[in-house]
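UniProt numbering puts the sequence shown at residues 1 to 340. Structure record follows, encoded as structure tokens.
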Amino acid sequence: MQYRSLGRTGIQVTPYALGAMMLGSFGNPDRQEGVRIIHRALDAGINFVDTADRYGDSEEVVGEAIAGRRDEVVLATKFWGPVDDDINHRGASRRWIMQAVERSLRNLRTDHIDLYQLHRPDPDTDIEETLSALTDLVRQGKVRAIGSSSMRGSEIVEAQWASERRGFERFRTEQPNYSILDREIEREILPVAQRYGMGTLVYSPLAGGALTGKYRAGAANDNFRAGTGMRHFRDERRLAAIEQLLALADEVGIPLTHLAMAFTIAHPGVTSAIAGPRTMEQLEDTLAGMEVSLTDDILDRIDAIVPPGESIGAMDMVYRGPEVADAGLRRRPVGERAAA
């Protein structure tokens, strides 16, 4: 097994990380199978496990699985999303962070978290408020390093500057969406993260399941795509690219799932790619592709299908900031829209 440095933390992690979102009520409710999946990943050499407090009972499944093996695991979790109906049990305020970390520590059955991540930027909370609270957790020994997720380049820079200006702990990692079909982070996010010495653990390397070959252009799953809120399953350009990638994978003799995972970790700015299996079969498929290394010729041919820095039918879950989501922030009042 190879290892990569998690940014400049000195922590060594495997190029494949195990994402536990689907282990538990969000995906596979058989908690004992979830435990077995985690044990199998650890036995195969993966040492990096990522979850979040909002993933149902995933943290509890992880906590049960790593009991007695805690020192083998670089343990990452996230806060920000709602965990119940209380309006203050979410976000990035000091008030919630101090409660959220205790909740995660109990669920994970541990006294420290190796990487504690802000799951999404919180426009309602000053970034200095968030960094101040996270700094206290590091100094208390409850957290070893802190990270962010789905931040835009300007937000990463702002957070780094705030840490330098105020003497706070700085975000050591970023967790963005990245796959063959979703390459926008190559333009700015990855270069900025590299500039600041941040590790990058990318999520959804299989593009939300699109790169498993399950969803095909003109296939019988049209009814599923039509009924889902995820537009990327209905984007014909995306489906056409998948067909080209399936043809390439078949030609070079590499399963599409292995091709997709190997593509993400080939970028020098990527530390680890998060594989999120729901079943043991899915994990075994991931493990079978760990030794796949893509040649320059294969990477060039992927570039010809999806150009570097481009995305085709980007996934709906990608954070794009309130400036895009809120029409009121991108439209002047009606009376101010004319030039004269």
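Just so it is clear, CB atoms sit at the ideal spot from N, CA and C, and this is done for glycine as well. These numbers come from a predicted model, not from an experiment.
### Task
Check E174 in the structure and name its three-state DSSP category.
Position 174 of the sequence shown holds residue 174. DSSP places E174 in strand when its eight states are reduced to three.
#### Entry: Local Cβ density within 10 Å of I87, reported as buried at 16 or more and exposed below that
Here residue 87 is taken as the residue at index 87 of the sequence shown, counted from 1. So I87 ends up on the exposed side.
### Query
Skipping 5 residues on each side, what residues in its chain have a beta carbon closer than 7 angstroms to that of G227?
Within the sequence shown, the letter at position 227 stands for residue 227. Since pLDDT at G227 reaches only 46, below the 50 mark, its modelled position is unreliable, and the value read off the structure follows with that caveat. In its own chain, leaving out the 5 sequence neighbours on each side, no residue places its CB closer than 7 angstroms to the CB of G227.
### Query
Between the C-alpha atoms of T14 and G289, what's the straight-line distance to the nearest angstrom?
Position 14 of the sequence shown, counting from 1, holds the residue named residue 14. Position 289 of the sequence shown, counting from 1, holds the residue named residue 289. Taking the straight line from one Cα to the other gives about 14 angstroms.
#### Entry: Rounded C-alpha distance that separates L287 from P277
For this step, residue 287 is matched to residue 287 along the sequence shown. For this step, residue 277 is matched to residue 277 along the sequence shown. So the two alpha carbons sit approximately 11 angstroms from each other.
### Message
Between the stretch 17–33 and the stretch 188–195, can you find at least three pairs of beta-carbon atoms closer than 8 angstroms?
### Response
no
### Query
Using DSSP with H/G/I as helix, E/B as strand and the rest coil, what is T14?
For the purposes of this step, residue 14 is taken as residue 14 along the sequence shown, with counting starting at 1. Residue state, collapsed to three classes: coil.
### Message
Quick check on the DSSP output: the beta strand (DSSP E) that includes Q117 runs from which residue to which?
### Response
Here residue 117 refers to the residue found at position 117 when the sequence shown is read from its first residue. Where Q117 is concerned, the enclosing beta strand (DSSP E) stretches over 113–118.
### Query
How would you write the range of the beta strand (DSSP E) that V74 sits in, first residue to last?
Reading the sequence shown from its first residue, position 74 is the one you call residue 74. From DSSP, the beta strand (DSSP E) with V74 extends over 74–79.
### Message
Shorter than 7 angstroms, the distance from the beta carbon of L259 to the closest heavy atom of the ligand ATP, or not?
### Response
No copy of the ligand ATP appears in this structure; indeed no ligand is present at all.
### Task
Write down every uninterrupted run of the beta strand (DSSP E) in the stretch 36–71 whose length is 3 residues or greater and which is fully enclosed by it, in chain order.
48–50
### Message
Between the alpha carbons of S104 and R237, how many angstroms are there, rounded?
### Response
Within the sequence shown, the letter at position 104 stands for residue 104. Within the sequence shown, the letter at position 237 stands for residue 237. One C-alpha to the other measures close to 40 angstroms.
### Beta-carbon proximity of G10 to R172, cut-off 8 angstroms
Position 10 of the sequence shown, counting from 1, holds the residue named residue 10. Position 172 of the sequence shown, counting from 1, holds the residue named residue 172. In this structure, R172 does not lie closer than 8 angstroms to G10 by Cβ.
### Message
With DSSP as the reference, identify every bridge partner of I254, one or two as the case may be.
### Response
Residue numbering aside, residue 254 sits at position 254 when the sequence shown is read from its first letter. Under DSSP, I254 forms no beta bridge with any residue.
### Pairwise C-alpha distance: A275 and R144
Within the sequence shown, residue 144 is the residue found at index 144, counting from 1. Within the sequence shown, residue 275 is the residue found at index 275, counting from 1. Cα to Cα, the separation comes out at about 23 angstroms.
### Query
Fully enclosed by the stretch 123–150, which beta strand (DSSP E) runs are 3 residues long or longer?
143–149
### Task
Let me know the alpha helix (DSSP H) ranges lying completely inside the stretch 174–209, each 4 residues or longer, listed in chain order.
189–195
### Task
Out of Q12, A17, I38, state which residue places its alpha-carbon closest to the alpha-carbon of L23.
Residue 23 sits at position 23 when you count from the first residue of the sequence shown. The shortest C-alpha separation from L23 is found at I38.
### Task
Check each candidate in A325, D136, D71, S272 and name the one with the smallest Cα separation from residue 359.
Here the chain comprises residues numbered 1 to 340, so residue 359 is not present and cannot be evaluated.
#### Entry: Residue ranges of each alpha helix (DSSP H) within the stretch 271–312, 4 or longer
280–288, 296–305
### Task
Measuring alpha carbon to alpha carbon, tell me which of L259, H89, L131, R234 ends up nearest E158.
Residue 158 sits at position 158 when you count from the first residue of the sequence shown. Selected option, being the one with the closest Cα: L131.
### Task
Check G335 in the structure and name its three-state DSSP category.
Sequence index remark: in the sequence shown, residue 335 carries index 335 (1-based). DSSP places G335 in helix when its eight states are reduced to three.
### Query
Between which two residues does the alpha helix (DSSP H) containing E323 stretch?
The residue labelled residue 323 in the question sits at position 323 within the sequence shown. Residues 322–325.
### Query
Per DSSP, which one or two residues make a beta bridge with G167?
By 1-based counting over the sequence shown, the position of residue 167 is 167. Note: G167 sits in no beta bridge, so no partner.
### Pick from P333, Y178, E129, V74 that is closest to M98, judged by C-alpha positions
Locating residue 98 in the sequence shown gives position 98, counting from the first residue. Checked all of P333, Y178, E129, V74; the closest Cα to M98 is E129.
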